[in-house]
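Since the structure comes first, as structure tokens, the remarks are kept for the end.
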Amino acid sequence: MSDLVSIFLHLLLFKLVAPVTFRHHHYDDLVRMLYKVHNECPHITRVYSIGRSVKGRHLYVLEFSDYPGIHEPLEPEVKYVGNMHGNEALGRELLLQLSEFLCEEFRNRNPRIVRLVEDTRIHIMPSMNPDGYEVAAAAQERDVSGYLVGRNNANGVDLNRNFPDLNTYIYYNEKNGGPNHHLPLPDNWKSQVEPETQAVIQWIRSFNFVLSANLHGGAVVANYPYDKSLEHRVRGFRRTANTPTPDDKLFQKLAKVYSYAHGWMHQGWNCGDYFPDGITNGASWYSLSKGMQDFNYLHTNCFEITLELSCDKFPLQGELQREWLGNREALIQFLEQVHQGIKGMVRDENYNNLADAVISVSGINHDVTSGAHGDYFRLLLPGTYTVTATAPGFDPETVSVTVGPAEPKLVDFQLKRSTPQAAPKRRIPSSGHRGRVLAEKVQPRAARKKETMMKQPQRGPA
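Numbers -19 to -1, 1 to 443, taken from mature numbering (1 follows the signal peptide of the UniProt record, and there is no 0), label the letters of the sequence shown in order.
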């Protein structure tokens, strides 16, 4: 009897996995959908909030992992962010569809999805701007036209123009010398950004994300950094302003992976625009300052691209199924791109993990760092590279690595503590003993000056 009950419950559980629902979801529906997926796949999912919007709505994330809530060393972290502009609704719906798909296919033991979930920690944020979405959705329901209705957050701020501007600093550093990664933020940065932006910045500083995509609408193209050009120009002006990153070829490849796996993006002609291969450098299209894409690259280890996915920013409900079928394979393939290049552990001589060690690749002027667990991930195209690991107080270690087209190459570093250098000595002739030389430790100039001043007689008050 117990076997029959077990079989019945097993069949019932699979019946509870509802088919993909092709409709728009208000905030309450979105929350229910995330927890529904979690309840169906509790062992591989976790729902968490990174903060709240201006109006107090949670910014929810659904995580997929074989150990939810735990970073496994050498397992890369990847994220999707949708609905940054509240009126660009397709990304929001696609990420809900993706969540259902990953859960259902994992339960059906689809080997590709099982491997992806077991080898990757995936974070899905369907909506970064839930307040703006509600405004846009209400306008749609009232059939109120307006290209920008609901785009901004509740304070009227465009969240993709709200991140600290680090491009100005990197362009200066590239010309004059200076850090090429993890550029610092202004001391007062929190007072300069919106609650949603602050929550995302703290989120991406808390996780060692490797790869990311930001889902938008209004065009059909995979856009890669930099978004901000060296010379600002007006959109549509003939003169191009291509502004590549040091990882330009890699970013082009990531963009092409999505474009060619997409149903029609790679064709180039979409929404009245033409983009060869369905990709574009952001600044070559139009210059955008204080965007999230460039911020990820310049402040963290994360490589992010922007996916423009539909001509209509808020597609009709009847179009959602076609859009899902056109994007499904591309969404999966892009996640799989996090498994390329090199990765490894950075440790000291006693096998202690070293966080914040710098990983440099000769010929690519953009470094990454090891995470809190000592593991690092460096996305690279196939080829042979000279890679160096450095950390304060340790001697650098350099290796030559050949990267293939498939799995990432495992390259560990074990750094040795630097040997303290003996203080330099100088030979000073003695005035009292002809021919004898006394050794004296060289003092810093400031210390010698202080000592001389102390020996001088002190003047009384004037």
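Where is the CB? At the ideal position from N, CA and C, for every residue including glycine.
Residue i: which of the options sits nearest, CA to CA?
{"i": "residue 360", "options": "376, 330, 371, 391", "result": "391"}
{"i": "residue 69", "options": "264, 225, 31, 109", "result": "109"}
{"i": "residue 211", "options": "170, 172, 269", "result": "269"}
{"i": "residue 3", "options": "356, 393, 383, 306", "result": "306"}
{"i": "residue 140", "options": "91, 197, 224", "result": "197"}
{"i": "residue 102", "options": "118, 193, 178, 288", "result": "193"}
{"i": "residue 202", "options": "256, 244, 190", "result": "256"}
{"i": "residue 283", "options": "385, 271, 60, 209", "result": "60"}
{"i": "residue 265", "options": "401, 92, 208, 249", "result": "208"}
{"i": "residue 231", "options": "318, 374, 16, 349", "result": "318"}
{"i": "residue 376", "options": "356, 329, 363, 387", "result": "329"}
{"i": "residue 263", "options": "128, 36, 287, 34", "result": "287"}
{"i": "residue 188", "options": "356, 379, 14", "result": "356"}
{"i": "residue 386", "options": "379, 380, 362, 374", "result": "362"}
{"i": "residue 185", "options": "105, 117, 296", "result": "105"}
{"i": "residue 52", "options": "169, 27, 380, 115", "result": "27"}
{"i": "residue 175", "options": "271, 127, 115, 89", "result": "271"}
{"i": "residue 445", "options": "117, 169, 246", "result": "This structure gives no information on residue 445, because the portion of the chain shown stretches from -19 to 443."}
Whole angstroms is fine: what's the gap from residue i's alpha carbon to residue j's?
{"i": "residue 333", "j": "residue 325", "result": "14 angstroms"}
{"i": "residue 159", "j": "residue 352", "result": "22 angstroms"}
{"i": "residue 258", "j": "residue 399", "result": "49 angstroms"}
{"i": "residue 226", "j": "residue 162", "result": "12 angstroms"}
{"i": "residue 234", "j": "residue 254", "result": "21 angstroms"}
{"i": "residue 222", "j": "residue 199", "result": "21 angstroms"}
{"i": "residue 382", "j": "residue 393", "result": "11 angstroms"}
{"i": "residue 111", "j": "residue 40", "result": "8 angstroms"}
{"i": "residue 228", "j": "residue 354", "result": "25 angstroms"}
{"i": "residue 18", "j": "residue 81", "result": "6 angstroms"}
{"i": "residue 124", "j": "residue 130", "result": "12 angstroms"}
{"i": "residue 94", "j": "residue 138", "result": "38 angstroms"}
{"i": "residue 239", "j": "residue 290", "result": "11 angstroms"}
{"i": "residue 500", "j": "residue 267", "result": "Nothing about residue 500 can be read from this structure; the chain reaches only from -19 to 443."}
{"i": "residue 285", "j": "residue 401", "result": "41 angstroms"}
{"i": "residue 23", "j": "residue 42", "result": "15 angstroms"}
{"i": "residue 316", "j": "residue 78", "result": "15 angstroms"}
{"i": "residue 281", "j": "residue 29", "result": "21 angstroms"}
{"i": "residue 169", "j": "residue 384", "result": "41 angstroms"}
Whose C-beta lies closer than 6 angstroms to the C-beta of residue i among residues of the same chain, with five residues either side of it excluded?
{"i": "residue 73", "result": "63, 64, 107, 108"}
{"i": "residue 294", "result": "68, 69, 198, 199"}
{"i": "residue 251", "result": "201"}
{"i": "residue 358", "result": "57, 191, 324"}
{"i": "residue 244", "result": "307"}
{"i": "residue 121", "result": "295"}
{"i": "residue 91", "result": "none"}
So residue i is in the beta strand (DSSP E); what residue range does that whole segment cover?
{"i": "residue 19", "result": "Not the beta strand (DSSP E): residue 19 falls in the alpha helix (DSSP H), residues 8 to 21."}
{"i": "residue 291", "result": "284 to 291"}
{"i": "residue 370", "result": "364 to 371"}
{"i": "residue 63", "result": "58 to 63"}
{"i": "residue 260", "result": "260 to 262"}
{"i": "residue 83", "result": "It is not in any beta strand (DSSP E) - residue 83 instead sits in the alpha helix (DSSP H) that spans 71 to 88."}
{"i": "residue 190", "result": "190 to 197"}
{"i": "residue 200", "result": "200 to 205"}
{"i": "residue 357", "result": "356 to 359"}
{"i": "residue 44", "result": "39 to 45"}
Report all residues from its chain with a CB closer than 8 angstroms to the CB of residue i; omit the five preceding and five following residues, and keep chain order.
{"i": "residue 372", "result": "327, 335, 337, 338, 339, 396"}
{"i": "residue 183", "result": "31, 32"}
{"i": "residue 98", "result": "25, 45, 46, 47, 83, 87"}
{"i": "residue 179", "result": "32, 171"}
{"i": "residue 260", "result": "202, 203, 204, 205, 233, 236, 237, 240"}
{"i": "residue 75", "result": "63, 196, 290, 304, 305, 308, 312"}
{"i": "residue 11", "result": "41, 73, 77, 107, 108, 111"}
Starting from residue i, follow the alpha helix (DSSP H) in both directions and report where the run begins and ends.
{"i": "residue 136", "result": "Note, residue 136: premise wrong, no alpha helix (DSSP H); not H, not E."}
{"i": "residue 341", "result": "Element bounds for residue 341: not the alpha helix (DSSP H) but the beta strand (DSSP E), 339 to 342."}
{"i": "residue 98", "result": "92 to 100"}
{"i": "residue 234", "result": "229 to 242"}
{"i": "residue 181", "result": "176 to 187"}
{"i": "residue 112", "result": "111 to 122"}
{"i": "residue 246", "result": "First-last for residue 246: undefined, no H or E at that position."}
{"i": "residue 149", "result": "148 to 157"}
Are there any heavy atoms of the ligand SAM lying less than 8 angstroms away from the beta-carbon of residue i, as far as the coordinates show?
{"i": "residue 299", "result": "By its list of ligands, the structure shown contains no ligand whatsoever, and the ligand SAM lies outside what it can speak to."}
Suppose the cutoff is 7 angstroms on Cβ atoms and the five residues either side in sequence are ignored; what does the same chain contact list for residue i look like?
{"i": "residue 150", "result": "164"}
{"i": "residue 389", "result": "320, 321, 322, 323, 324"}
{"i": "residue 56", "result": "100, 101, 102"}
{"i": "residue 38", "result": "8, 111, 112"}
{"i": "residue 14", "result": "6, 77"}
{"i": "residue 71", "result": "198, 290, 291, 296, 304"}
{"i": "residue 177", "result": "34, 40, 109, 110, 134, 140"}
Step through the CB atoms of chain B and report whether any lies within less than 9 angstroms of the CB of residue i.
{"i": "residue 393", "result": "Absent from the structure: chain B. Only one protein chain is present."}
| task | Answer yes if the stretch 45 to 62 comes into contact with the stretch 341 to 351, meaning at least three C-beta pairs across the two stretches below 8 angstroms, and no otherwise. | result | With a cut-off of 8 angstroms, the stretch 45 to 62 and the stretch 341 to 351 do not count as touching, because too few Cβ pairs lie within range.
| Stretch pair the stretch 305 to 312 + the stretch 127 to 147: three plus CB contacts closer than 8 angstroms | no
| query | Taking three-plus beta-carbon pairs below 8 angstroms as touching, is the stretch 362 to 372 in contact with the stretch 291 to 306? | reply | no
| query | Does the stretch 140 to 157 come close enough to the stretch 276 to 290 to have 3 or more Cβ pairs within less than 8 angstroms? | reply | yes
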